[in-house]
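These notes concern the structure reproduced below.
Number of protein chains: 2
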Amino acid sequence: MTSTQEHPHAGSPVDRTAEGRIVISVDAMGGDRGPAAIVAGCEQSLRSDPRLDILLHGDEAVLAPLTARQPALAGRLHIVHADRAVTMEDKPSHVMRHGKDTSMWSTIGALKDGTAQAAVSCGNTGALMAVSMLQLRRMEGVNRPAIACLWPSRGRHGFNTMLDVGADIKAEAEDLLAYAIMGVTYFRNGFGEPRPRVGLLNVGTEEHKGRAEIKAAHELIAGHQETGRYEFVGFVEGSDIPSDRVDVIVTDGFTGNVALKTGEGTAKLVGDFLRASFRSGPLSMIGALLARGALKRLSSRIDPRRVNGGVFLGLNGTVVKSHGSADATGVAAAIGLAAKLAHSGYRGRMAERLVIVSKAAQDAGPNGESA
Amino acid sequence: MTSTQEHPHAGSPVDRTAEGRIVISVDAMGGDRGPAAIVAGCEQSLRSDPRLDILLHGDEAVLAPLTARQPALAGRLHIVHADRAVTMEDKPSHVMRHGKDTSMWSTIGALKDGTAQAAVSCGNTGALMAVSMLQLRRMEGVNRPAIACLWPSRGRHGFNTMLDVGADIKAEAEDLLAYAIMGVTYFRNGFGEPRPRVGLLNVGTEEHKGRAEIKAAHELIAGHQETGRYEFVGFVEGSDIPSDRVDVIVTDGFTGNVALKTGEGTAKLVGDFLRASFRSGPLSMIGALLARGALKRLSSRIDPRRVNGGVFLGLNGTVVKSHGSADATGVAAAIGLAAKLAHSGYRGRMAERLVIVSKAAQDAGPNGESA
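Protein chains in written order, with our numbering: chain U, 1 to 371; chain L, 372 to 742.
This is the structure in structure tokens:
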């Protein structure tokens with residue numbers, strides 16, 4: 001276990017990246033379950049992926065005893081001390097002004113100075129986005145960065161992508177176009193789908209329905225199918241989010257966040273009702289026992305921990321926001337996603353595509369109409 | 372079977388209400404499955420509730436052969452001819468101007484003239500709300516009427532109520548307060564809960580989060596707990612919609628509609644995944660067979676048909692919007708809900724409560740602050 005207080009991001013992890021290794025910067029202090037769950041998740045990741053190194057940001061007095069339990073991983077799990085932690089109650093604006101000594105700030109700092117290739121935090125989403133925007137800056141052509149999530153679906157890749165699920169509480173038509181471009185690049189790189197299908201979330205599929213900014217976004221997104229390399233399927237409804245008629249669902253961060261949490265809450269409710277039903281009689285209990293393989297498959301298919309991690313898109317750096325309540329398995333999934341993204345090089349292609357579309361929009365005139 | 376073209380709402384149903392009977396006005400032409408499913412739903416309702424009579428609005432040439440199959444119900448199922456039907460593509464504004472000869476118009480007309488005590492339609496939601504507002508008018512103190520739905524929950528009544536789920540695409544703070552009052556009266560009358568708990572849907576439970584109108588609504592709703600006879604639990608998230616910490620969830624119609632459809636879509640996805648899992652091997656299939664009682668209980672617990680029907684609140688008349696894709700069971704559930712509401716007299720108490728709160732808000736000053 002190395003403490004690197006004097007020069008936090010120096011040392012072995014940096015040198016190792018040259019050999020094709022990946023360094024992930026992890027905020028140890030943000031989760032609802034405390035640092036122990038996060039450290040356990042880090043250890044799970046390190047064991048399953050030998051290319052990984054992890055920088056663990058937080059209070060060394062708390063973290064050192066936790067990491068000491070796994071001496072075999074000592075050379076790959078490096079504590080970076082931070083005096084304070086951001087709480088769930090802290091306002092983003094306050095953290096931006098007074099948060100330089102927090103583990104969250106330090107976690108993103110390691111991305112900014114190039115010591116790590118991707119970052120993971122379970123902490124306060126608003127503060128994490130604010131700190132990330134301040135340190136990493138937005139990509140050209142992006143006014144509002146977004147958080148993208150993966151949603152278990154009937155589609156052939158098993159997942160759809162939805163964004164924004166909570167970076168901001170509103171989005172203009174131009175933001176929704178940028179979300180489409182970012183979501184498409186993300187999906188294409190993640191699943192090898194050459195021309196992802198984009199849907200715009202609305203209260204109905206008829207073109208005259210919905211808010212003004214959504215109708216304007218409908219035109220903008222329809223007009224950039226060629227430059228953005230996607231197929232626009234038009235408006236989709238909440239029931240279409242897990243469907244196989246769309247790959248990328250575009251919406252504002254308020255609606256997307258409510259939809260994401262409603263979906264998670266509903267899946268959990270159905271799962272709980274199912275368990276209660278199976279306990280309701282001896283025949284059902286025997287049935288559940290015989291079918292336990294099937295039930296396990298189901299539960300892993302809809303387990304939110306498996307797809308834990310909202311990815312911040314539109315920044316000059318890869319940040320994964322893990323669920324606040326993530327356990328070790330959830331944290332490991334978020335770290336795995338961060339590592340995969342760091343490897344994929346999607347960010348360069350996304351920046352390129354955003355510039356092309358934003359140039360095309362300028363050429364087409366002030367309203368972004370395409371010819 | 373009586374055709375009553377000359378004076379559509381005259382005849383036996385009117386006289387019967389004096390004897391404690393209920394007349395429900397049903398739009399036969401609106402559903403995705405066509406009039407046959409709606410007629411079958413009507414017949415199911417008439418068989419299960421001997422107090423009911425139904426006025427069935429639509430094309431007599433289509434409806435007469437369908438209803439002729441059940442001669443035993445002939446005296447209680449009355450066709451009211453209408454030349455045209457509103458389609459799903461029709462704009463509400465167009466239907467308001469040119470829709471007087473549609474079955475939807477006629478369905479609501481029977482409420483307006485007092486021939487029926489409640490109405491049911493599977494048709495175009497926007498048009499149904501527009502036609503209902505035009506003919507029935509809003510209650511005093513209501514700027515935007517709302518659609519309320521029931522949501523299977525962990526609560527002790529088994530259901531929570533959410534509104535608005537799609538009457539309008541936006542809501543100001545004052546509208547959200549009116550939704551709270553309406554939702555509370557609806558829930559109290561439906562479930563006998565003296566002091567329902569109200570939550571305001573947001574992207575987080577911290578008070579500094581969310582859009583301006585939602586923060587303003589937080590103050591307004593908190594300030595009227597006594598006059599409105601409810602307990603305000605503050606902000607709730609999407610995951611809380613089916614929880615036992617809240618009875619009535621208040622939100623704007625855009626967010627509510629997306630949440631409702633996302634919840635339905637997720638429940639259906641989990642159900643489909645479950646069935647696929649059970650077909651995946653012989654042991655699982657035997658297990659599913661043994662547990663089929665439990666699975667049936669689960670499926671009836673989350674079956675959207677069981678709770679089919681969004682209720683329009685804030686109008687001088689009881690209108691139930693059934694799911695467009697409702698089958699006979701779904702239509703019967705919507706008719707059953709309409710009959711229950713017509714019996715309950717909730718509308719008088721809601722109107723009373725709205726006037727009390729709106730007076731209290733005026734007394735407290737222009738911003739609706741309560742002392």
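Ideal Cβ placement from N, Cα and C applies to all residues, glycine included. In this text, all values refer to a predicted model and were calculated from it rather than measured experimentally.
Within-9 angstroms CB hit, Asn143/U to chain L: no
Can you give the beta carbon distance from Val702/L to Val691/L, rounded, assuming they're within the 8 angstroms contact cut? At roughly 10 angstroms, the Cβ-Cβ gap does not stay under 8 angstroms, so Val702/L and Val691/L are not in contact.
Ranges of the beta strand (DSSP E) found wholly within the segment 662-731 of chain L, counting only runs of at least 3: 681-684 and 690-692
Proximity winner among Lys462/L, Val466/L and Ser474/L, relative to Ala453/L (alpha-carbon distances): Ser474/L
Cβ of Asp272/U within 9 angstroms of Cβ of Arg525/L? yes
Just tell me which of Pro35/U, Gly158/U and Ile169/U has its CA closest to the CA of Thr255/U. Ile169/U
Does Gly166/U come within less than 9 angstroms of chain L when only Cβ atoms are used? yes
Contact criterion: CB-CB distance below 9 angstroms. Does Glu443/U meet it with respect to chain L? No answer is possible for residue 443/U: it lies beyond the span of chain U, which begins at 1 and ends at 371.
In whole angstroms, give me the CA-to-CA distance for Leu571/L and Asn124/U. 21 angstroms
Determine whether the Cβ of His378/L lies closer than 9 angstroms to any Cβ atom of chain U. In this prediction, His378/L has a pLDDT of 39, which is less than 50 and means its spatial position is unreliable; what the coordinates show is noted afterwards. Cβ-Cβ to chain U under 9 angstroms: no for His378/L.
With 16 as the cutoff for other CB atoms within 10 Å, does Ser132/U come out buried or exposed? buried
Bounding residues of the alpha helix (DSSP H) (the contiguous stretch that carries Cys413/L): Per DSSP, Cys413/L belongs to the alpha helix (DSSP H) from Pro406 to Ser419.
Quick one: what's Thr262/U bridged to in DSSP? Its beta-bridge partners do not exist; DSSP assigns none.
Bridge partners of Glu231/U, per DSSP? Arg197/U
What residue from Leu260/U, Leu177/U, Asp252/U and Val258/U has the CA that sits closest to Ala222/U's CA? Of Leu260/U, Leu177/U, Asp252/U and Val258/U, the residue nearest in Cα terms is Leu177/U.
If Val26/U sits next to Leu56/U, beta carbons under 8 angstroms apart, how far is it from one beta carbon to the other, in whole angstroms? 5 angstroms
Buried or exposed: where does Asn573/L fall if 16 or more other Cβ atoms within 10 Å of its Cβ makes it buried? Residue burial annotation: Asn573/L is buried, with at least 16 other C-beta atoms found within 10 angstroms of its C-beta.
Could you tell me the alpha carbon to alpha carbon distance between Leu48/U and Lys209/U, rounded to whole angstroms? In the sequence as presented, Leu is not what sits at residue 48/U; that position holds Ser. Cα to Cα, the separation comes out at about 48 angstroms.
So which of Gly293/U, Arg297/U, Lys296/U and Ile286/U has the shortest CA-CA distance to Gly664/L? Minimum Cα distance to Gly664/L is reached at Ile286/U.
Any non-hydrogen atom of the ligand HEM within 8 angstroms of Ala364/U CB: The ligand HEM is not part of this structure, which contains no ligands at all.
Confirm, please, whether the CB-CB distance from Arg229/U to Val236/U is below 9 angstroms. no
Alpha carbon to alpha carbon, how far is Trp476/L from Thr689/L? Give it in angstroms, no decimals. 14 angstroms
For Ala10/U, three-class secondary structure by DSSP: With a pLDDT of 39 at Ala10/U, under the threshold of 50, the modelled position of that residue is not reliable, and no figure is offered here.
Partners in chain L for Ile147/U, counting only beta-carbon separations shorter than 7 angstroms: None at all; the shortest Cβ gap to chain L is about 11 angstroms.
Cutting at 8 angstroms between CB atoms, please list the residues of its own chain near Gly634/L, excluding the five before and the five after it. Correct list, in chain order: Trp522, Ile612 and Pro613.
Determine, for Asp240/U, whether the minimum Cβ-Cβ distance to residues of chain A falls below 9 angstroms. Judged by its chain identifiers, the structure shown contains no chain A, and its protein chains are U and L.
Alpha carbon to alpha carbon, what distance is there between Leu289/U and Pro653/L? 13 angstroms
What's the gap between the Cα of His465/L and the Cα of Leu505/L? Rounded to the nearest angstrom, the gap between the Cα atoms of His465/L and Leu505/L is 13 angstroms.
Close beta carbons around Glu140/U, own chain, < 8 angstroms, minus the five adjacent residues each side: Ala351, Leu354, Val355 and Ser358
First and last residue of the beta strand (DSSP E) that includes Pro152/U? Ala146 to Pro152
Which of the three DSSP states is assigned to Arg392/L in this structure? Arg392/L falls in the coil class under three-state DSSP.
Verify the CB distance criterion: does Ser322/U have a CB-CB separation below 9 angstroms to chain L? Judged by the 9 angstroms Cβ criterion, Ser322/U is not in contact with chain L.
Does the separation of the CB atoms of Val621/L and Tyr717/L fall below 9 angstroms? No; because the gap between Cβ atoms is not below 9 angstroms, this pair is not in contact.
Using a threshold of 9 angstroms, state whether the C-beta atoms of Ala173/U and Met129/U are closer than that. no
Sheet register partners of Ala118/U (DSSP bridge): Ile24/U
DSSP three-state label for Val250/U, please. strand
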